Each structure stands twice: as structure tokens, then as C-alpha cells.
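Using the numbering used here, you'd call the opening residue of the sequence shown number 12 and step up by one each time.
C-beta atoms are modelled at their ideal positions from N, C-alpha and C, and glycine is treated no differently.
Predicted model, so just to flag it, every value in this text is computed and none were measured.
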Amino acid sequence: MNADKTQMMKARHPFRQSGVIILVLLVGMALSVVGCVGQGKAPVDVSVESQRFIEGYSLLHGVLSDEAGVGGLTLIKKYDPATEKLLKDIAAAAGGAKKYLEVNRDKLGEVGVRFDRPGLPEVEVRSRDWIAGRSRNAILFGGQSELHAILSQRDATQYLASLADTLADLEPAGPHRDWLEQQAKVFLSFYDRALSLLAARAAGEGQSGD
12 MNADKTQMMK ARHPFRQSGV IILVLLVGMA LSVVGCVGQG KAPVDVSVES
62 QRFIEGYSLL HGVLSDEAGV GGLTLIKKYD PATEKLLKDI AAAAGGAKKY
112 LEVNRDKLGE VGVRFDRPGL PEVEVRSRDW IAGRSRNAIL FGGQSELHAI
162 LSQRDATQYL ASLADTLADL EPAGPHRDWL EQQAKVFLSF YDRALSLLAA
212 RAAGEGQSGD
């Protein structure tokens, strides 16, 4: 039993199936960590290994790894061109950001960063599994696949923006901090695009009901 729990906690990320990667974030977790991208925040001293710093990079790498594959959804589902472009753009940005982290793995390792220590409690892992299963089924087999795909990316990109912005606060001034701040803006722009798609769908449904 304990060995099973340990193996679960060491799992890099739970949201994978059949090569198509769908990320859905636990609403409670998103509300607790996601905020607006701020400006002029004072950096936190990370000269001493910080557990939240290490866990933050692990989470960021894991979510980016998952999002890098979301474009594969367009190979098995036919969506509106704007939705397909959003999914492909998110996948490309996530793949590029993941590559940046891996290229700088050794440098980040100097302050104790590893990409396999997300530090999530078991109940969080299980909750994510539960939500991921429901979302995966809705996207792959449900009657409103496109809507659920957009909703999942709205949540994922907002969470990525939050992670990048929070980690930027922990980083001292320098190229890593600049990169994190840029990533926060990039993924927040994807979040805005997802919101626009949702608004357009709502407006269209309202007109069709008139």
C-alpha cells in the first residue's frame, strides 16, 4: 500500500492517454494559486534552496509537457479553425518553453531544482485524476467536445501564467526571471483567446435561440 502511494507521488503528471494529452485543473487549486500577472514585485531570496521554488519548477515543467501535446487533439477531432489554431499555438508555445527548461536543467539544478518533485499531496493527485477522467471523456467521446477542449485550455493556460508569474517572483533579476515574466504574458494571452472563443460561442447560441 505504501509503495503504491510512493509510486503515485513520484508520477510526473497524471493527465495522459493514447498520446493525446488533456490538462484540466482542479478549480480549488486554481483559485488558491492563480492571480493576475503583476508588475514590480520584489524578488524572493532563493540563494538557499526553497522547497516551493523547486516544486514550482517541477509543476511548470510537468504542465508544459502535457500542454505540448494538446495540438494532437486536432488530429482526431474536427473543430472550428480558430479553436484548432489556439490548440496548436498553445502546444507550440508549451513545447518551446519546455525545451528552454530542459536546456537550462543544469543551471537550475545548481539551486536544487529538479523536474520530478511537484510536491503534490496524494489527495490532490487523486482529485486531478478524477477531474482529468471526466474531462477526457467529455472531449473524446462527448457531444460538446470543442466546448470542453476550450474550457480545459482556458484553465490550463491561466494556471501556466500563474506558475510562471509566481516563479518570476522567486527568481532574482536575470534572464530566467525575464523569461518567466514573458511566459506569463504568453499564456495569459492564450487564456484571453480561450475566453473570446467561449464568448463567441455563447453569443452564437443566444442568436440561434432568438
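Using a threshold of 8 Å, state whether the C-beta atoms of residue i and residue j are closer than that.
i: A195; j: L97; result: no
i: L199; j: R165; result: no
i: G212; j: L162; result: It should be pointed out that residue 212 corresponds to Arg in this sequence rather than to Gly. The answer is no: Cβ separation not under 8 Å.
i: A102; j: G120; result: no
i: E78; j: L171; result: yes
i: A105; j: L151; result: no
Which value, in whole angstroms, describes the spacing of the CA atoms of residue i and residue j?
i: S156; j: K88; result: 8 Å
i: Y202; j: N115; result: 26 Å
i: K109; j: D91; result: 27 Å
i: L84; j: V197; result: 21 Å
i: A149; j: H187; result: 37 Å
i: R125; j: Y111; result: 14 Å
i: A160; j: E192; result: 26 Å
i: E133; j: D127; result: 15 Å
For residue i, name the three-state secondary structure that DSSP assigns.
i: E224; result: In the structure displayed, the chain extends from 12 to 221; residue 224 sits before or after that span and is not available.
i: Q28; result: Because the pLDDT at Q28 is just 40, under 50, the model does not fix this residue reliably, and the value given afterwards should be weighed accordingly. Residue state, collapsed to three classes: strand.
i: G120; result: helix
i: N115; result: coil
i: P92; result: helix
i: F126; result: coil
i: P183; result: coil
Relative to the C-alpha of residue i, which residue among the options is closest?
i: G67; options: A104, A213, G130, P186; result: G130
i: A167; options: R139, G154, P183; result: R139
i: A93; options: S207, E135, Q169; result: S207
i: F64; options: A179, A184, S146; result: A179
_the stretch 70–86 contacting the stretch 167–184, beta-carbon criterion three pairs below 8 Å_ = yes
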